[in-house]
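Chemist: Below you'll find the structure I mean.
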Amino acid sequence: MLNPYLEKRLYSLPVQPVLVEIDPNQLAATLGQITGLNLPIVSQLPAFGFAAIPPVSPSVIKKINSLPGVRMVHANQVKTIFQLPAPADEWFTTSESRKMLGAEDAFREGYNGEAIKVGVTDTGVDATHPQLQGTEFYSTISWPFREVLDENGHGSHVASTVAGKLYNTPLGVLLK
Numbered sequence: 005m006l007n008p009y010l011e012k013r014l015y016s017l018p019v020q021p022v023l024v025e026i027d028p029n030q031l032a033a034t035l036g037q038i039t040g041l042n043l044p045i046v047s048q049l050p051a052f053g054f055a056a057i058p059p060v061s062p063s064v065i066k067k068i069n070s071l072p073g074v075r076m077v078h079a080n081q082v083k084t085i086f087q088l089p090a091p092a093d094e095w096f097t098t099s100e101s102r103k104m105l106g107a108e109d110a111f112r113e114g115y116n117g118e119a120i121k122v123g124v125t126d127t128g129v130d131a132t133h134p135q136l137q138g139t140e141f142y143s144t145i146s147w148p149f150r151e152v153l154d155e156n157g158h159g160s161h162v163a164s165t166v167a168g169k170l171y172n173t174p175l176g177v178l179l180k
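The numbering used here puts the first residue of the sequence shown at 5, with every later residue one more than the last.
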């Protein structure tokens, strides 16, 4: 299936880069089919079933979309955010975000996120953030940036909402 954003704009450009979302159980076979179409895969996140492909025509996007194992084809868009420096003082807790998401209710019901992997695609992550102490980080960023340090603060806020500690206890929004 085509992502609705991409579907609306499919013929607006002669070529455009895409992200292919692949069923993890069919990842190797589907990547093989994509390269069999003489398409290079410029980056991939196997843990999440994503592969990035350089600009291709709408007809090639439709071919990719028809491959078994392809869940969705997304436009590979560059997003920008309003840049503010990370606060120099103490980090804010994520308690308000967690209340809005209902994370504390889920935690009380026994869902604690044990052994769950998540990915945060944002402004980066400050691994020294107090709420993220003891959390494991892994980055496969290869293009165009290699650095994952969060100079804005938003990515650290999102990561600590998902996987951070609240009041020095593990209480993310992850579900078991």
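Quick reminder that beta carbons are idealized off the backbone N, C-alpha and C, glycines included.
Quick caveat: nothing in here was measured; it's all calculated off a predicted structure.
1. Using only the alpha-carbon positions, how far apart do Asn80 and Leu49 sit?
2. Identify whether Gln48 lies in helix, strand or coil by the three-state DSSP scheme.
3. Can you give me the C-alpha to C-alpha distance between Thr132 and Gln37, rounded to a whole angstrom?
4. Just checking, does the stretch 60-79 make contact with the stretch 18-28 on the three C-beta pairs under 8 Å criterion?
5. As a quick exercise: from Val60, Thr139, Leu31 and Asp109, pick the residue whose alpha carbon is nearest that of Asn42.
6. For Thr39, count neighbouring C-beta atoms within 10 Å of its own C-beta (all shown protein chains included) and say buried if the count is 16 or more, exposed if not.
7. Provide the residue span of the beta strand (DSSP E) that contains Glu118, from first to last.
8. Under 8 Å between the Cβ atoms of Leu14 and Pro72?
9. Is the separation between the beta-carbon of Arg102 and that of Thr165 shorter than 8 Å?
10. Quick one: Cα of Glu140 to Cα of Gly117, how far?
11. Excluding the five sequence neighbours on either side, which residues of its own chain have a C-beta within less than 6 Å of the C-beta of Val46, listed in chain order?
12. Helix, strand or coil for Ser146? Go by DSSP, reduced to three states.
13. Per DSSP, Gln137 forms a beta bridge with which residues?
Modeler: Inspection of the coordinates gives the following:
1. By one-based count along the sequence shown, residue 80 stands at place 76. By one-based count along the sequence shown, residue 49 stands at place 45. Approximately 14 Å, taken between the alpha carbons.
2. One-based indexing of the sequence shown puts residue 48 at position 44. Note: Gln48 maps to strand in three-state DSSP.
3. Within the sequence shown, the letter at position 128 stands for residue 132. Within the sequence shown, the letter at position 33 stands for residue 37. If you take the alpha carbons of Thr132 and Gln37, they lie about 41 Å apart.
4. Below 8 Å, enough C-beta pairs join the stretch 60-79 and the stretch 18-28 to call them touching: three or more.
5. Reading the sequence shown from its first residue, position 38 is the one you call residue 42. Closest option to Asn42, Cα to Cα, is Val60.
6. Here residue 39 refers to the residue found at position 35 when the sequence shown is read from its first residue. Taking all protein chains in view, the Cβ of Thr39 is surrounded by fewer than 16 other Cβ atoms within 10 Å, so the residue is classified as exposed.
7. Here residue 118 is taken as the residue at index 114 of the sequence shown, counted from 1. Counting along the chain, no beta strand (DSSP E) covers Glu118, and no H or E run does either.
8. To locate residue 14, count along the sequence shown from 1; it is residue 10. To locate residue 72, count along the sequence shown from 1; it is residue 68. Not in contact: Leu14 and Pro72 (Cβ atoms no closer than 8 Å).
9. In the sequence shown, counting from the first residue as 1, residue 102 sits at position 98. In the sequence shown, counting from the first residue as 1, residue 165 sits at position 161. Taking a C-beta distance under 8 Å as the contact criterion, Arg102 and Thr165 qualify as a contact pair.
10. Along the sequence shown, one-based indexing puts residue 140 at 136. Along the sequence shown, one-based indexing puts residue 117 at 113. A straight-line Cα-Cα distance of about 14 Å links Glu140 and Gly117.
11. In the sequence shown, the residue the question calls residue 46 occupies position 42. Cβ neighbours of Val46 beyond the five flanking positions: Ala56 and Pro58.
12. On the sequence shown, residue 146 is found 142 positions in, with the first residue counted as 1. Note that Ser146 scores 49 on pLDDT, short of 50, meaning its location in the model is unreliable and no value can be drawn from it.
13. Position 133 of the sequence shown, counted from the start, is the residue given in the question as residue 137. Answer is none; Gln137 lacks a bridge partner.
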